[in-house]
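**Q** Before I ask anything, here is the structure I am working with.
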Amino acid sequence: MTSTKWSIKETTLMGLFAALTVVGTSIRVPLPALVGNPFFHFGLPILSLAVLTLGFFKGSLAGGIGFAIFDILNGFAAEAPYFILESFVVGAALTFAYHRFEKYENKAWFIPVIMIIAAIAKITMTFLKNLVIQLMMGNAFGVSAFASFSTLYITVINAIAAIIIVSLLYKPVKALTNKMLY
Numbered sequence: 013m014t015s016t017k018w019s020i021k022e023t024t025l026m027g028l029f030a031a032l033t034v035v036g037t038s039i040r041v042p043l044p045a046l047v048g049n050p051f052f053h054f055g056l057p058i059l060s061l062a063v064l065t066l067g068f069f070k071g072s073l074a075g076g077i078g079f080a081i082f083d084i085l086n087g088f089a090a091e092a093p094y095f096i097l098e099s100f101v102v103g104a105a106l107t108f109a110y111h112r113f114e115k116y117e118n119k120a121w122f123i124p125v126i127m128i129i130a131a132i133a134k135i136t137m138t139f140l141k142n143l144v145i146q147l148m149m150g151n152a153f154g155v156s157a158f159a160s161f162s163t164l165y166i167t168v169i170n171a172i173a174a175i176i177i178v179s180l181l182y183k184p185v186k187a188l189t190n191k192m193l194y
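Under our numbering, think of the first position of the sequence shown as 13, with each following residue one higher.
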């Protein structure tokens, strides 16, 4: 989708993806970590499906709004702006990868490969966020980097789940959204 006009159908789908992001992130399993309160959840696959079906801006905005609503409702309001930014960074990486490999869209490896690129963006953003938090707490750079790196296993688990889920759901979700939009 490259249109800059927002139809009622597209806006409705954005709202649906935002709501699904809230619900998907609410289904969570807390995991131990040195930094923050991380948990396994289904927000990243929903963000990715939103970007892949609605396009970069609309999909990233829908996912970002969904993450922000989740954060506000669950006591993480201070992190809401960060997750909106992260949604756009991950959405940009996914969109870049999609267009870079678009000629291979019919190959079985297409979605897993572009999702790996999006996962790398997500992992990088999480590392940098946690690094900044640790540095702001007054820790030395080495300690901050170690603490940030030690929590990445949770993001890696979420990313692997997202790669699998999006690989399985992309074609049916794309077909449904195309049917609704066109």
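Where a beta carbon is used, it is the ideal one built from N, C-alpha and C, also for glycine.
#1: Check P50 in the structure and name its three-state DSSP category.
#2: Considering only residues of the same chain and omitting the five flanking positions on each side of I169, which have a CB-CB separation below 7 Å?
#3: Just verifying my parser: in three-state terms, what is the DSSP assignment at P184?
#4: With H, G and I counted as helix, E and B as strand and the rest as coil, what does DSSP make of P57?
#5: Can you tell which of L32, Y110, L143 and A80 has the C-alpha that lies nearest to the C-alpha of I128?
#6: Does the Cβ-Cβ distance between G103 and T33 come in under 8 Å?
#7: With distance defined between alpha-carbon atoms, name the residue in R40, E114, M26 and F108 nearest to A62.
#8: Less than 6 Å between C-beta atoms, sequence neighbours within five positions excluded: which residues of the same chain meet that for R112?
#9: What separation, rounded to the nearest whole angstrom, lies between the Cα atoms of A171 and S19?
#10: How would you label M137, buried or exposed, when you count the other beta carbons within 10 angstroms and need 16 or more for buried?
#11: Sorted by chain position, which residues of the same chain lie with C-beta nearer than 7 Å to P50's C-beta, five sequence neighbours on each side aside?
#12: Give every residue of the same chain whose Cβ lies closer than 8 Å to the Cβ of K186, excluding the five residues on either side of it in the sequence, and list them in chain order.
#13: Suppose contacts are defined by Cβ-Cβ distances below 8 Å. Is G71 in contact with F54 by that definition?
#14: Near A105, which residues of its chain fall below 6 Å by C-beta distance, leaving aside the five closest residues on each side in sequence?
#15: Along the alpha helix (DSSP H) that carries P124, what are the first and last residues, could you check?
#16: Based on DSSP bridge pairs, tell me the residues matched to P42.
#17: Leaving out five residues on either side along the sequence, give the residues of the same chain with a beta carbon under 7 Å from the beta carbon of K141.
**A** Once the coordinates are examined:
#1: DSSP, reduced to helix, strand and coil, places P50 outside both helices and strands of the structure shown, so it counts as coil.
#2: Cβ neighbours of I169 beyond the five flanking positions: F52.
#3: In this structure, P184 counts as helix in the three-state DSSP scheme.
#4: Here P57 sits in helix by DSSP.
#5: Ranking the options by Cα distance to I128, first place goes to Y110.
#6: G103 is not a Cβ neighbour of T33, given a cutoff of 8 Å.
#7: Checking every option, the nearest Cα to that of A62 belongs to M26.
#8: Around R112, the same chain offers no residue with a beta carbon nearer than 6 Å, after the five sequence neighbours per side are excluded.
#9: Rounded to whole angstroms, A171 and S19 show a C-alpha spacing of 31 Å.
#10: Residue environment analysis places M137 among the buried positions, since at least 16 neighbouring C-beta atoms fall within 10 angstroms of its C-beta.
#11: Result list for P50: L43, T163 and I166, in chain order.
#12: So the qualifying residues of the chain are L64 and T65.
#13: In this structure, F54 does not lie closer than 8 Å to G71 by Cβ.
#14: So the qualifying residues of the chain are I129, A130 and A133.
#15: Unbroken alpha helix (DSSP H) run through P124: F122 to M148.
#16: Answer is F51, bridged to P42.
#17: Only Y94 meet the Cβ criterion.
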